[in-house]
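Reviewing the structure listed below.
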Amino acid sequence: QLFHSTHLAAVMADAGDDLDLLLSLDEDGDQAVLETPPSSPSRPAAAAATGYGAFTPPRAVARPGGTDMSVFRDAVKDYIEAVPASTSGSGPSRPKLPKSNQTLVDTYSGLRIKHMAVSPLEIANRFADIRFVRISAFKSLAGGDFFSGCWATAGVVLDKGTKRVSAQGKDYSIWKMGALDDSEVSVFLFGDAHTHYSGGAVGDVFALFNGNVRMDKGGQGFSVSVGSVGQMMKMGVSADFSICKGTRKDGMACTMATNKRKGPYCKYHSSV
């Protein structure tokens with residue numbers, strides 16, 4: 001009888017162990033995570049004050065079959081797909097320039113430009129909300145208010161002349177700019193404008209902003225003076241600029257600028 005009692009106690013102990021093991025398994029047969037780890041150390045007062053210590057927070061309870069994330073994925077799908085692959089960079093990229101061999105017509109000046117130095121969008125932004133005056137219209141607009149306040153013009157560099165020195169010992173230069181239609185204007189470059197753009201070449205197209213306009217002595221022409229970098233902007237290179245193919249009386253080649261779409265000669269050599 002003692003043997004049977006001892007054997008029965010052993011069997012019941014094994015059954016209890018098996019029951020404990022069975023209860024510790026979830027429906028998939030994996031061991032379940034208890035809601036609170038047994039024998040978790042209590043949180044000391046010092047640890048509670050500092051937020052540190054050997055405190056272990058309760059762990060999440062395992063859910064049979066896992067969590068369905070399809071609803072969440074569907075909710076954020078559109079946003080995730082809308083995020084760019086790369087967000088690196090310092091800001092909005094500069095508008096792309098046209099191909100170097102592409103010729104565009106500037107709607108403000110009417111000039112055909114290639115080798116664009118700035119994009120058409122940047123040109124439009126600079127000319128927006130200001131008065132634009134073509135060089136060919138300078139003479140008819142003299143004496144009015146067209147050259148006061150915010151205004152702009154643009155033209156082709158026909159001649160750069162040579163560097164000059166003012167009475168104060170400062171360098172400056174005088175350019176000739178025009179629209180390749182026999183109209184031209186003298187442009188005085190002082191200060192930073194001269195320093196920054198002295199490397200410009202004949203045939204380049206420049207825009208001028210808020211220049212000081214005055215009539216030349218004798219009333220035969222006009223001049224525009226600029227003194228800062230912000231008053232000038234290189235737009236590109238004229239697609240129609242050329243030099244006359246004629247010869248002067250002294251035997252030297254003519255240096256007059258021409259519009260090659262109208263022929264290879266300047267106005268003088270076209271008439272002789």
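The opening position of the sequence shown corresponds to residue 1 in the UniProt record's numbering, with each subsequent residue numbered one higher.
We treat Cβ as the ideally placed atom computed from N, Cα and C, and that holds for glycine.
Remember, predicted model here, so these are calculated numbers, not experimental data.
- When the five nearest sequence neighbours on each side are left out, the beta carbons in the same chain lying within less than 6 Å of the beta carbon of MET256 are those of CYS244, CYS266, in order along the chain.
- For ASN101, the secondary structure class from DSSP, reduced to helix, strand or coil, is coil.
- Exposed is the label assigned to VAL272, since fewer than 16 other Cβ atoms lie within 10 Å of its Cβ.
- With respect to the C-alpha of VAL237, the residue from GLY191, ALA207, PHE147 having the closest C-alpha is ALA207.
- DSSP places LEU141 inside the alpha helix (DSSP H), whose first and last residues are 138-141.
- Residue environment: THR162 is assigned as exposed (fewer than 16 neighbouring CB atoms within 10 Å of its CB, all protein chains considered).
- Under the three-state reduction of DSSP output, ASP171 falls in the strand class.
- Taken through DSSP and simplified to helix, strand or coil, PHE127 comes out as helix.
- In the DSSP assignment, LYS114 falls within the unbroken beta strand (DSSP E) covering 112-114.
- DSSP, reduced to helix, strand and coil, places VAL229 within a helical segment of the structure shown.
- When the five nearest sequence neighbours on each side are left out, the beta carbons in the same chain lying within less than 6 Å of the beta carbon of GLY191 are those of GLY227, in order along the chain.
- Where ALA152 is concerned, the enclosing beta strand (DSSP E) starts and stops at 151-159.
- For TRP175, the closest C-alpha among the options GLN168, VAL118, PHE222 is that of PHE222.
- Bridge partners of THR107 according to DSSP: none are assigned.
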